[in-house]
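Each residue of the sequence shown is one higher than the one before, starting from 1 at the first, in full-length UniProt numbering. Backbone N, C-alpha and C fix where the C-beta goes; we use that ideal spot for every residue, glycine too.
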Amino acid sequence: MLLFVDNLINVDFSYLHPERGMLGETWLASTALDGALDAQGMVCDFGDVKKRIRHFLDTSIDHCLLVPALSANLTLIEQGEDIELTWHYSNGRTLRCRSPKQAIILIDTTEITRDSVARWCVDQLKPQFAASIASLTLSFAEESIDGAFYHYSHGLKKHGGNCQRIAHGHRSRIGIWRNGARDHALEQNWANRWQDIYLGSDEDLVAEGELLKFKYRSQQGDFELDMPASQCYMLDTDTTVEWLATHIANTLAHECPGDTIKVQAFEGLHKGAIVESKV
């Protein structure tokens with residue numbers, strides 16, 4: 001008997017890609033369990049399935065940096081409760097990240113993909129279920145977006161939860177209206193500006209050059225990140241979705257004087273902020 005739960009939870013995180021570097025991502029998780037019926041006539045209680053898997057994904061994937069531990073692009077040093085890694089892009093660029101271990105998840109694979117992460121998750125989850133469960137599967141899917149979107153990573157040091165981690169992110173669509181009419185060209189233009197981007201705050205920047213160096217201390221510990229300058233976009237505010245929507249709207253309003261610009265900025269799946277601006 002097969003028990004399934006579709007669209008169980010979505011996870012927002014960043015991961016390391018050999019060519020593109022650090023990418024913000026959002027996946028939607030579904031699961032299925034194959035097993036015999038118990039005395040209640042169930043394979044497993046839906047509440048238990050959802051609780052266990054949601055907790056695991058919340059603590060092991062969501063708002064983390066996923067790193068392919070078997071990749072030749074990786075240099076890794078564990079120092080006490082911290083991890084310092086260097087990622088060597090295929091084109092010769094590098095990035096460096098140092099953070100508490102809980103913010104970096106090492107996946108036993110050479111490349112981060114939906115399938116490789118799903119297999120790793122199943123290996124961790126299977127022992128948590130009864131022996132009567134013959135098999136457990138997990139799958140990840142991307143949101144179907146008919147239009148412009150971008151991958152962005154950031155850190156929110158003032159956040160009381162896991163958003164404070166310096167390298168987590170989202171795959172986000174964007175809606176832009178100019179004088180009340182949807183403007184797909186402006187949407188795509190902005191998505192191109194922020195393709196595979198790291199959004200940094202001026203107050204976290206400690207050094208500039210070919211690499212921009214970010215550093216801050218938050219409740220979870222000390223965080224450092226060195227990113228290629230070509231993959232960074234700086235803001236003079238924090239990088240909450242509210243400020244991102246404001247920045248996009250104000251920037252486009254100045255580029256289109258006299259026009260009313262409305263921006264719907266998403267933070268991953270089904271959430272975000274809407275701001276209107278005119279100059």
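Given a cut-off of 8 angstroms, decide if T26 and R114 are closer than it, judged by their beta-carbon atoms.
no
Is the CB-CB distance between F140 and I174 below 8 angstroms?
no
Do the stretch 10–22 and the stretch 90–98 meet, that is, are 3 or more Cβ pairs less than 8 angstroms apart?
yes
Applying the 10 Å Cβ sphere with the 16-neighbour rule, what's the burial state of G147?
exposed
Residue environment, A245, which counts as buried when at least 16 other CB atoms sit within 10 Å
buried
Along the beta strand (DSSP E) that carries E208, what are the first and last residues, could you check?
Careful: E208 lies outside any beta strand (DSSP E) and carries neither H nor E.
Under 8 angstroms by Cβ, that's how I've got residue 311 and G169 pegged, so tell me the actual separation to the nearest angstrom.
Examination of residue 311 is not possible in this model, given that the chain is present from 1 through 279 alone.
Looking only at DSSP bridge pairs, what is W27 linked to?
Beta-bridge pairing links W27 to V11.
Nearest-angstrom Cα separation, counted from L156 out to A36:
45 angstroms
Give the straight-line distance between the Cα atoms of A69 and Y198, rounded to the nearest whole angstrom.
22 angstroms
For T239, which option in D226, A265, N7 and A185 has the closest C-alpha, if you only look at C-alpha atoms?
A265
If distances are taken between C-alpha atoms only, which option among D62, E267, D226 and A273 comes closest to A249?
A273
Boundaries of the beta strand (DSSP E) in which F266 is found, first to last residue
If you look at F266, you'll find it in the beta strand (DSSP E) that goes I261 to F266.
Using the Cα positions of E111 and S71, report the straight-line distance between them to the nearest angstrom.
7 angstroms
Alpha carbons only, please: which of L65, L125 and V117 is nearest the one belonging to Q102?
L65
Report the residue from Q79, T75, A29 and M234 whose alpha carbon sits nearest the alpha carbon of R96.
When only C-alpha atoms are compared, the closest one is T75.
With a threshold of 16 other CB atoms inside 10 Å of the CB of I145, please say whether the residue is buried or exposed.
exposed
Best match in D236, E81, L28 and I107 for proximity to V67 [C-alpha to C-alpha]
I107
Which residue spans inside the stretch 34–85 form an unbroken beta strand (DSSP E) run of at least 3?
65–68 and 74–79
So if DSSP puts K215 in a beta bridge, which residue, or which two residues, is it bridged to?
E224
What would DSSP say about C256, mapped onto helix, strand or coil?
Correct three-state label for C256: coil.
Alpha carbon to alpha carbon, how far is T109 from L252? Give it in angstroms, no decimals.
42 angstroms
Using DSSP with H/G/I as helix, E/B as strand and the rest coil, what is H159?
The three-state secondary structure of H159, taken from DSSP, is coil.
Give the DSSP-derived three-state secondary structure of I145 in the structure shown.
coil
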